[in-house]
Amino acid sequence: MLLIQCPFCGERDLTEFSHGGEAHITRPANPDKISDEEWGDYIFFRTNPKGIQYERWIHSHGCRRWFNAVRDTVSDEFLGFYKSGEQPPKIKRRKVLRK
Amino acid sequence: MPNPGLTPGSMFLSEYAMKSKYSIFSLLRNSLSYHQNWERKWRSPDPKPAYDVIIIGGGGHGLATAYYLARQHGITNVAVLEKSWLGGGNTGRNTTIVRSNYLLNESAAMYDHAIDLWENLSQELNYNVMFSPRGVLHLAHNVHDMQEIGRRGNSNYINDVDAEFITPDQIKTMVPIINLNCRYPVMGGVLQRRGGTARHDAVAWGYARAADSLGVDIIQNCEVTGFDIKKGVIKGVKTNRGVIKAGKVGVVTAGHSGVLADMAGMRLPIESTPLQAFVSEPLKPIIDIVVMSNTIHAYVSQSDKGELVFGGSSDPYVSYSQRGAFNQLEHVVGPLVELYPIFSRLRMMRQWGGTVDVTLDRSPIVSKSPVKNLFFNVGWGTGGFKATPGSGHVFAASLASGEMHPIAAPFSIDRHYTGALIDEAAAAAVAH
Ligand SMILES: Cc1cc2nc3c(=O)[nH]c(=O)nc-3n(C[C@H](O)[C@H](O)[C@H](O)COP(=O)(O)OP(=O)(O)OC[C@H]3O[C@@H](n4cnc5c(N)ncnc54)[C@H](O)[C@@H]3O)c2cc1C
Ligand SMILES: [Zn+2]
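One line per chain: the protein sequences are A and B, in this order.
So the first sequence is numbered by my numbering: it starts at 109 and just counts up by one.
So the second sequence is numbered by my numbering: it starts at 271 and just counts up by one.
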């Protein structure tokens, strides 16, 4: 099971958290001005990387606050945690382990 | 469209018909040499410089596509490229439940088409895929469940998909080990008698053997690492065994569909997450149908070896680890013991995970792409094993003609722009 470092509460079990998907997706500023393609892209399409992923978590059964994490999706190893609104830590793109 | 001129036996008359037919006689003949001299099921050729069609991914869907291309459409200059071994992806990791009782018309057409093909598949491939239509029962534990199965069962009925409503008493007769008055009492169920299970490996191997005998090159340990795209048209693929040219390319890589899309400079409406399954020690026969429950997130069937096969939900985060979280196991075991108290002393033998390619509407993507002659058949997520023959059949027809087969057409990527989603969350989110 994953151990997650809530920036507010410290290290806790995965079961205290809910996953919020890919981070840093910006809602289009003028939804009624953009095309169906742009809107569909925003709503449905995801990077789904094999390697470094920036993602959102919420500490549902704890402080109930949102925050961000960086994780290697091949090993599930967390490479960093940071608060919403903060700049993501710079992660050197490691060679992705092949499975 | 199916070619009516071919009969099931005719593939053995093709120029590749070097393989002998499996029968009681071949079994007897081979027993004389202690089964040491069975011929190889498929060749392992080196890749040719060019093919008419390249299929990326040697799971059930990719192999079925190659088989129907050769068998139904006479397109035999085809290669299936698999990065590791055949069926080593989700095909060989799934809990093998086959059913077609989805809610919406588009899904009913796709999955019921597959069941039609399942019923004759062992004969058609001359390979025992052990399709066992033992029935699939969905339990309802609360008013919402009753309404969901009511709506879905009636929708199935309208679509000519078999569905029967079952009372708790009938359930107890069918599944004597069940505890109806558990924490969330069983209030009823819906049964699809045509559903059941099949042997996953045999599906991959049967399609591979039949495709190979029609001339398809099946190339394992061949990983696609990039595409050769010129002016928006696919020209070939880059692999760890060199560049291979292709007229058309079909991506059938399940959990790795995002990785392949990235190579083509695009993204998909898919996230790849872990999904686990478990089997117990072998038992005498105690449950002879498949029982699923959406509310308590667990399902069970008994394999021919006697092992109980269990599964649950996928983890919510993107991961290619092929390893799920421990709490999912707990989520499955707790309700199972409540529902079947006899399981409490059971020992688990194995547990494993796959990487499932989940779309937001829980329906697959069988589609053209922005790159000409590059097609995708992905996003089958937690429930594509049941569709294997149907998916391969309609995808082959689409690759052959260049236009999507009518059953495949609604599953286009474009539905995420037009809003014509095929939302099967209730029918597919837990029950795979
Ligand atoms: C635990 C579990 C339980 C499930 N239970 C059920 C069930 O009960 N019923 C049901 O209907 N479905 C079930 N499923 C879903 C089902 O397994 C899949 O939808 C289905 O098997 C997908 O088949 P496929 O051929 O598309 O993919 P796969 O079998 O995964 O094949 C894709 C292949 O592509 C290869 N590949 C990937 N990248 C490359 C590359 N770059 N180059 C070359 N090859 C590549 C992979 O190695 C893999 O072999 C379950 C899945 C899991 C994991
Ligand atoms: Zn917290």
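Even glycine gets a Cβ: it sits at the ideal position worked out from N, Cα and C.
Residues that residue i contacts on chain B, provided the C-beta gap is smaller than 8 Å
i                  : result
Gln-161 of chain A : Val-588
Glu-145 of chain A : Tyr-687
Min CB distance residue i to chain A below 9 Å
i                  : result
Gly-595 of chain B : Checking the sequence, you will find Ala at residue 595 of chain B rather than Gly. Yes, Ala-595 of chain B counts as interfacial toward chain A.
Ile-326 of chain B : no
Ile-540 of chain B : yes
Val-260 of chain B : With chain B covering 271 to 702 only, the question about residue 260 of chain B has no answer from this structure.
Ser-591 of chain B : yes
His-343 of chain B : no
Arg-511 of chain B : no
Leu-630 of chain B : yes
His-567 of chain B : no
His-526 of chain B : yes
Asp-693 of chain B : no
Asp-482 of chain B : no
Asp-386 of chain B : no
Asp-558 of chain B : no
Asp-574 of chain B : no
Asp-267 of chain B : Outside the shown range of chain B (271 to 702) lies residue 267 of chain B, about which nothing can therefore be said.
Asp-532 of chain B : yes
Cβ distance (whole Å) where residue i is taken to contact residue j below 8 Å
i                  : j                  : result
Leu-616 of chain B : Leu-644 of chain B : Not a contact, Cβ separation roughly 47 Å.
Leu-553 of chain B : Thr-652 of chain B : Their Cβ separation, rounded to whole angstroms, is 26 Å, which puts Leu-553 of chain B and Thr-652 of chain B out of contact at 8 Å.
Val-406 of chain B : Gly-466 of chain B : 7 Å
Val-348 of chain B : Leu-339 of chain B : 5 Å
Gly-420 of chain B : Asn-156 of chain A : With 8 Å as the limit, Gly-420 of chain B and Asn-156 of chain A do not qualify as a contact, their Cβ atoms being about 36 Å apart.
Ile-683 of chain B : Leu-374 of chain B : With a Cβ gap of about 18 Å, Ile-683 of chain B and Leu-374 of chain B do not count as contacting.
Val-626 of chain B : Thr-523 of chain B : Incorrect: roughly 12 Å between the Cβ atoms, too far for contact.
Ile-559 of chain B : Val-445 of chain B : 7 Å
Tyr-477 of chain B : Leu-395 of chain B : 7 Å
Lys-642 of chain B : Met-674 of chain B : Between Met-674 of chain B and Lys-642 of chain B the Cβ distance is about 14 Å, and since that is not below 8 Å, they are no contact.
Ile-436 of chain B : Lys-442 of chain B : Between Lys-442 of chain B and Ile-436 of chain B the Cβ distance is about 10 Å, and since that is not below 8 Å, they are no contact.
Gly-357 of chain B : Ala-547 of chain B : Not a contact, Cβ separation roughly 15 Å.
Gly-525 of chain B : Tyr-587 of chain B : At roughly 14 Å, the Cβ-Cβ gap does not stay under 8 Å, so Gly-525 of chain B and Tyr-587 of chain B are not in contact.
Coil, strand or helix - residue i by DSSP
i                  : result
Gln-306 of chain B : coil
Trp-388 of chain B : helix
Arg-479 of chain B : helix
Val-636 of chain B : strand
Asn-398 of chain B : coil
Ser-301 of chain B : helix
Arg-120 of chain A : strand
Leu-599 of chain B : helix
Val-519 of chain B : strand
Leu-339 of chain B : helix
Phe-655 of chain B : helix
Phe-125 of chain A : coil
Glu-493 of chain B : coil
Val-549 of chain B : strand
Tyr-403 of chain B : Position check: residue 403 of chain B holds Pro in this sequence, whereas Tyr was assumed. Residue state, collapsed to three classes: coil.
Pro-249 of chain B : Residue 249 of chain B lies beyond the residue range present for chain B, which begins at 271 and ends at 702; the question has no answer from this structure.
Gln-417 of chain B : helix
Asn-176 of chain A : strand
Ser-661 of chain B : helix
Ser-682 of chain B : coil
Thr-629 of chain B : strand
Ile-151 of chain A : helix
Interface flag, residue i vs chain B, CB-CB below 9 Å
i                  : result
Ser-168 of chain A : no
Pro-139 of chain A : no
Pro-115 of chain A : no
Ile-142 of chain A : no
Leu-111 of chain A : no
Lys-207 of chain A : With a pLDDT of only 40 at Lys-207 of chain A, under the threshold of 50, the placement of this residue in the model should not be trusted, and no figure is reported.
Chain B contact residues for residue i, given Cβ-Cβ distances below 7 Å
i                  : result
Thr-134 of chain A : Per Cβ cutoff of 7 Å: no residues; Thr-134 of chain A is ~15 Å from chain B at best.
Amino acids of chain A, ordered along the chain, whose beta-carbon sits closer than 9 Å to that of residue i
i                  : result
Arg-464 of chain B : Here the premise fails: no neighbours, minimum Cβ distance about 33 Å.
Arg-469 of chain B : Chain A residues near Arg-469 of chain B: none, gap ~25 Å exceeds 9 Å.
Chain B residues whose Cβ lies nearer than 9 Å to that of residue i
i                  : result
Arg-164 of chain A : Chain B residues near Arg-164 of chain A: none, gap ~10 Å exceeds 9 Å.
Cross-chain neighbours of residue i in chain A, by beta carbon under 7 Å
i                  : result
Arg-537 of chain B : Phe-153, Arg-154, Thr-155
Exercise for the section: Pull out every residue of the stretch 172-203 of chain A whose Cβ sits closer than 7 Å to any Cβ of chain B, in chain order. Expected result: Thr-181, Val-182, Ser-183, Asp-184
Problem - Under 7 Å (Cβ pairs) to chain B, residues found in the stretch 116-127 of chain A - result: Leu-122, Thr-123, His-127
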